[in-house]
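Position one of the sequence shown corresponds to residue 2 (this note's numbering), numbered consecutively onward.
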Amino acid sequence: LYGEEISCLAFCDGENAVLMPPAQDHKRVFDDDQGKNTGGMGAYAPAPVGENAKLQAEIKQTCVDRTLQAAKSEGFPFTGVLYTGILITATGPKVLEYNCRFGDPETQSLLPLLSSDLFEAMASC
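Quick look at the structure:
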């Protein structure tokens, strides 16, 4: 798979998801994506590659919503924060990984962007 990786975190209530802005972490040790993979040395949000409204809608529908529907159909509706690592490829977004938590370092760049109360958002999940 080739493309640019973004992290999409969403507040989920078992049926619905509200996505936060896409984030990206700095993975390579040197500028221009050179050097060894560090696993994340800081992050920024919103990530320009994921800000396109059409792409965000596609990610929500094909990646996040389908995941919630599948979990519910298996008898395990997911509530909480769903972290979805996504690769933006020439053929569309592809899921690379999931986590059932806030992802760090992405969370450090996302939480200051929230205009609502974090407690209220989490309590609605």
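Glycine included, C-beta positions come from ideal geometry on N, C-alpha and C. All values derive from a computational prediction rather than experimental measurement.
Terminal residues of the beta strand (DSSP E) in which residue i lies
i	result
Lys95	Gly93 to Asn100
Phe31	Arg29 to Phe31
Thr85	Thr80 to Thr90
Lys73	It is not in any beta strand (DSSP E) - Lys73 instead sits in the alpha helix (DSSP H) that spans Arg67 to Ser74.
Lys37	Gln35 to Asn38
Status (buried if at least 16 other CB within 10 Å, exposed otherwise) for residue i
i	result
Leu119	exposed
Phe12	buried
Lys30	Correcting the residue type first, residue 30 is Val in the shown sequence and not Lys. The residue in question, Val30, is exposed, as its Cβ has fewer than 16 Cβ neighbours within 10 Å.
Gly36	exposed
Leu115	exposed
Met123	exposed
Leu20	buried
Ser8	buried
Phe77	exposed
First through last residue of the alpha helix (DSSP H) which encompasses residue i
i	result
Phe12	Note, Phe12: premise wrong, no alpha helix (DSSP H); beta strand (DSSP E) at Glu5 to Asp14.
Ala18	Note, Ala18: premise wrong, no alpha helix (DSSP H); beta strand (DSSP E) at Ala18 to Leu20.
Ser129	No answer is possible for residue 129: the residues shown for the chain start at 2 and end at 126.
Met42	No alpha helix (DSSP H) contains Met42, which DSSP labels as neither H nor E.
Spatially closest choice to residue i from the options, by CA coordinates
i	options	result
Gln109	Glu52, Met42 and Asn53	Met42
Glu98	Leu83, Thr92 and Leu112	Leu83
Gly51	Ser74, Leu10 and Gln70	Leu10
Nonlocal neighbours in the same chain, by C-beta distance under 6 Å from residue i, ignoring five residues either side
i	result
Ala44	Ala24, Asp26, Pro106, Glu107 and Ser110
Glu6	Leu88
Cutoff 7 Å; reference residue i; Cβ partners in own chain excluding five residues on either side
i	result
Leu2	Leu88, Thr90 and Lys95
Distance between beta carbons of residue j and residue i, contact taken as under 8 Å
i	j	result
Asn38	Lys28	5 Å
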